[in-house]
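Asker: First the structure, which I've put down as structure tokens, then a few questions once you've had a look.
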Amino acid sequence: MELAGDFSHFCTVSESLLQDQEEIVQQIITHVSHIHARIGHEQGPQVNDPAAPEWQNHFNWFASWWQEIIIKKEAQGWNTFTITPEHGPFPYMPQAPYTKLPLSIQWDNNVYIKNILEKNWFIN
26 MELAGDFSHF CTVSESLLQD QEEIVQQIIT HVSHIHARIG HEQGPQVNDP AAPEWQNHFN
86 WFASWWQEII IKKEAQGWNT FTITPEHGPF PYMPQAPYTK LPLSIQWDNN VYIKNILEKN
146 WFIN
């Protein structure tokens, strides 16, 4: 079975960055045929701004999973692979109380992820 690699939800339900579930993560990675490039955390499926320094550790975890998926697919002969930068609107995007203003700009978050992917893995 092929899967969409959206690790953000796994992190939320396990309340971890899956550090103690490496065997399961590896099993999932072998079946991923599309990546939802969103950075989640232990208490929610989406950080407020993936470029914020306080989320760098989380970004690194997710980027390592994405890189591993891409490397494995290339080794299997895949020459095309799809990735969707997927930071979404409310309720995924945290909002300020009362004003309901988003804590960051969704478009900018997704462009940031896209640019990182292109820079690091020559994706186009």
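Using the numbering used here, read the sequence shown as starting at 26 and increasing by one per residue. Every residue gets a Cβ at the ideal spot worked out from N, C-alpha and C, and that includes glycine.
If you follow the beta strand (DSSP E) that L28 is part of, which residue opens it and which one closes it?
Answerer: L28 to G30
Asker: Classify H56: buried if its beta carbon has 16 or more other beta carbons within 10 angstroms, exposed otherwise.
Answerer: exposed
Asker: Can you confirm whether the segment 67-77 touches the segment 37-46 when touching is taken to mean that 3 or more C-beta pairs between the two stretches lie within less than 8 Å?
Answerer: yes
Asker: Where does A100 fall in DSSP's three states?
Answerer: helix
Asker: So is S10 buried or exposed if we call it buried at 16+ other beta carbons inside 10 Å?
Answerer: The requested residue 10 does not occur in the structure, where the chain is confined to residues 26 to 149.
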